[in-house]
Every structure is written in C-alpha cells, then in structure tokens.
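Plus 31 on top of the position in the sequence shown (first one is 1) and you've got my numbering. Notes follow the structure.
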Amino acid sequence: MVYTTNAIESLNVRCRRAVAHSGHFPNEQAAMKVLYLIAVRR
C-alpha cells in the first residue's frame, strides 16, 4: 500500500510541476498530451 501511495504522490508532483512550468495550454488536447507523456515517462 505504501508503494502505491508513493507512486501516486510522485505522479501528482510531476504533473503539478509540468503544468506550472508550461503555464498556458492552447487546447485540452495539448494539456492531455503533456500529462500522458509525464505518466508514461519513467
């Protein structure tokens, strides 16, 4: 259980950082692409 929670928290932090760094997305598809790439990247 702890490992799952740590993985989810890590993903949340990476997503927040990417969104804060990117700032504005031209459309929803661009935002989803960034979040997908973060989730897939290890």
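Think of the CB as a built atom: it goes at the ideal place given N, C-alpha and C, for glycine as much as any other residue. These numbers were taken from a predicted model, which means no experiment stands behind them.
Can residue i and residue j be called in contact, C-beta distance under 9 Å?
i      : j      : result
Val-65 : Ser-53 : yes
Ala-38 : Val-50 : no
Considering Cα atoms alone, identify which of the options is closest to residue i.
i      : options                        : result
Arg-72 : Leu-42, Tyr-34, Thr-35, Gln-60 : Leu-42
Ile-69 : Glu-40, Thr-36, Thr-35, Cys-46 : Cys-46
Under 8 Å from any heavy atom of the ligand GDP, does the C-beta of residue i make it?
i      : result
Asn-37 : What this structure holds is no ligand at all, so the ligand GDP is not there to describe.
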